[in-house]
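Here's the structure we're looking at; comments come further down.
Protein chains in written order, with my numbering: chain L, 18 to 484; chain G, 2 to 290.
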């Protein structure tokens, strides 16, 4: 067994702000994973599984080690439109999944803001959607999964079988084993459309009370927050709350459920390819330009209204403009997402937003969501809210931004908040210990020893926050 | 076993994990003392310097550490390497030492893999290692010494740069810096073996450049004149335009940033060598340098 040097590949995070070269091994079958583990052990290298590689941070990077490219294991093995159960290989993307189940009147119970993610990655980070407050993270919709541990053992887990591994491997960041096949329960839909209520909120307090009060009446809720606005309108923005249409509510359900109806247009105004749009966005991605964009967006949001749009359009906002993250320029972008209990969120975010304005490092995009706790071991969720903030990285702002994010971490920790391992890239081991707690870490290390006695599975994230 | 408490990201939980890792430690598991991982806001490029213990290599190491590189420093003499590592690591854990003789070609693949794993990737390699054994007069010949120079200066470079080129070519990224010499520009009477080794290295680097530029990899050939290092003592006769290795290292870093292809240091050598390269043979063969 050998490791060809021409597998050496430079991999990146989603925001193109972090690069790490690794030996990439294409995985087609479960046996390939076992062989890769054997090879890694023989050569003294570490292994990480990677799907489409669109996490914001280093969760699927493994500089100098072996990265298993799981995108080749992408077969939907079984789909039963009667029960809504689907069994997929772990490299299947959400795009493949929804395109398969939607025409039959089903939709994945939990989806991320992009459809490009693989199910293995979704489970490893236990993704949440805009409906987290109603249905929890994706892990709560997993009926069964099979994973391979580095010892070569195949373990099958369900919420009732191998329970400790079920709740630890989902959210386990791929550090206990590599997902092979996943059975998920889909959610019934009766239309290809979704009804969206959009209204503006003039400040942070109204933003959070809006999320809190309107969440129970809706299936999905998400807020846009104008992160650049200071003063009494700090935290202003717009809330989009949506509900699935009930049976019979859409007279053209047969038509709207067709895939062609779920198409995200690839041209702007029918003319300009959206793939070129990020070049035109770049000149605006600076403090002044983005202040203008946010202000214009808020003014356009002042018209409160209700409308219907396709599921794909509502859920996959990040896919609207291909390569939009490139508009951040050479240094790329990062996201900082904090999860705070509903009692402390307003104070914490007010302090964080003010701090970012004082230091001249405003975030360009803010997104809020409503959450509820879950039972997974490395959970990021709370009974409260999350705020995701995007920051442009430049050679000049790196040191200042790093310091500010460390200060943010303390604000979040002091108010009982948590972090999400698919997003934040600067969280330290100490901060991780503070929010996860000793008991959780001890349990995680214990499971790690059991599943991975030779410590073969390591990612850059694992080395950053767990070692 | 080295003291892991020195690790830049030390935390109490690491202790538990390391104790456990020691328990299961196998011979081929990488050294535990590694530079901290890169993050978007603390990006670290990773470089290997082959021949880093003193002179130009050590100066390049100091300069690159100042730029925030994580470094693997290779040389034959452990004491000098350790001293340099300690000096660099006072501020941050940036450098690791690896004792290696470049003439031990068979050890390169395993060592390279270990270094890349320890560094967490690879962005740069600087090949500085070189020996110079003058034959002791223009009428003297010494095959053994010539062979050693070819083995270290040329084949040693090929042993390292061959696999690294393949990796960089595949990754479509990276930078290779090779220290050739003005001595490689013409075959002169004083030291045919050294001239040949450096001419061979310069040609090899040029060939790599022609292969790799299209893959996004920069190959920089550095042609130093006289440097005030140990090697200068071996030089016979006058040593014009001799500069401190620190100055040469600064020139090299500047050229790396600009992704230049060939530089002379000191820069005046470009013009001196232009004249020498174009000197007709019937004159050149009558000269005594």
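The C-beta atom is built at its ideal place from N, Cα and C for all residues, glycine as well.
(request) Can you check DSSP and say which residues form a bridge with residue 356 of chain L? (result) L:403, L:435
(message) Within 10 Å of its beta-carbon, does residue 455 of chain L have 16 or more other beta-carbons around it, so buried, or fewer, so exposed?
(response) exposed
(message) By DSSP's criteria, residue 220 of chain G is part of a beta bridge. Which residues make up the other side?
(response) G:177
(request) Have a look at residue 465 of chain L and residue 432 of chain L and give me their C-alpha separation to the nearest angstrom. (result) 30 Å
(request) Give the interface partners of residue 172 of chain L over in chain G, defined as CB-CB distance under 9 Å, in chain order. (result) Ordered by position in chain G, no residue passes the 9 Å Cβ test against residue 172 of chain L, which lies about 20 Å from the chain.
(message) Using C-beta distances below 7 Å, list every residue in its chain close to residue 206 of chain G, excluding the 5 sequence neighbours before and after it, in chain order.
(response) 179, 181, 220, 222
(message) Suppose you measure from the CA of residue 130 of chain L to the CA of residue 56 of chain G; what does that come to, to the nearest Å?
(response) 54 Å
(message) Three or more C-beta pairs under 8 Å: does that hold for the region 203 to 220 of chain L against the region 405 to 415 of chain L?
(response) no
(request) Verify whether the separation of the beta carbon atoms of residue 154 of chain L and residue 188 of chain L is less than 9 Å. (result) yes
(request) Check each candidate in L:400, L:172, L:421, L:228 and name the one with the smallest Cα separation from residue 47 of chain L. (result) L:172
(request) Check each residue of the region 207 to 231 of chain G: if its Cβ is closer than 8 Å to any Cβ of chain L, include it; give the result in chain order. (result) none
(request) Check the DSSP bridge columns for residue 191 of chain L and list the partner residues they point to. (result) BP columns for residue 191 of chain L are empty, so no partner.
(message) So residue 37 of chain L contacts chain G; which residues on that side make the cut at Cβ distance below 8 Å?
(response) 39, 121, 122
(request) Could you check what DSSP says for residue 108 of chain G in three-state terms: helix, strand or coil? (result) helix
(request) State whether the region 78 to 92 of chain L contacts the region 293 to 311 of chain L, with contact taken as three or more CB pairs (one from each stretch) at a distance under 8 Å. (result) no
(message) Just to make sure I have the definition right: I need the residues of chain G whose C-beta is within less than 8 Å of the C-beta of residue 351 of chain L. Which are they?
(response) 41, 42
(message) Does the CB of residue 134 of chain L have a neighbour CB from chain G at under 9 Å?
(response) no
(message) Cutting at 8 Å between CB atoms, please list the residues of its own chain near residue 276 of chain L, excluding the five before and the five after it.
(response) 116, 119, 120
(message) Starting from residue 210 of chain L, trace the beta strand (DSSP E) in both directions and tell me its first and last residue.
(response) 210 to 218
(request) Taking only beta-carbon positions, decide if residue 173 of chain G is within less than 9 Å of chain L. (result) yes
(request) Tell whether a beta-carbon distance below 9 Å holds between residue 185 of chain L and residue 394 of chain L. (result) yes
(message) Give me the DSSP bridge partner(s) of residue 202 of chain L.
(response) L:102
(message) If we define contact as Cβ-Cβ less than 9 Å, is residue 27 of chain L a contact residue for chain G?
(response) yes
(message) Going by beta-carbon coordinates alone, are residue 175 of chain G and residue 123 of chain G separated by less than 9 Å?
(response) yes
(request) State yes or no: is the beta carbon of residue 301 of chain G nearer than 9 Å to at least one beta carbon in chain L? (result) Here chain G comprises residues numbered 2 to 290, so residue 301 of chain G is not present and cannot be evaluated.
(request) For residue 255 of chain G, decide whether its Cβ has a neighbour in chain L, counting only Cβ atoms nearer than 9 Å. (result) no
(message) Considering Cα atoms alone, identify which of L:61, L:31, L:88 is closest to residue 137 of chain L.
(response) L:88
(message) Suppose the cutoff is 8 Å on Cβ atoms and the five residues either side in sequence are ignored; what does the same chain contact list for residue 75 of chain L look like?
(response) 30, 35, 37, 442, 476, 477, 478, 481
(request) For residue 449 of chain L, name the three-state secondary structure that DSSP assigns. (result) helix
(message) Taking CB distances under 9 Å as the criterion, tell me whether residue 152 of chain L reaches chain G.
(response) no
(request) Determine the direct distance from the alpha carbon of residue 67 of chain G to that of residue 92 of chain G, and round the result to whole angstroms. (result) 10 Å
(request) Output yes or no for whether 9 Å exceeds the beta carbon distance between residue 237 of chain L and residue 253 of chain L. (result) no
(request) Quick one: using the 10 Å Cβ neighbour count with 16 as the cut-off for buried, is residue 283 of chain G buried or exposed? (result) exposed
(request) Per DSSP, which residues does residue 76 of chain G bridge with? Please list them. (result) G:100
(request) Could you check the C-alpha separation between residue 281 of chain G and residue 158 of chain G for me, to the nearest Å? (result) 31 Å
(request) Taking 9 Å as the cut-off, decide whether the C-beta atoms of residue 209 of chain L and residue 77 of chain L are in contact. (result) no
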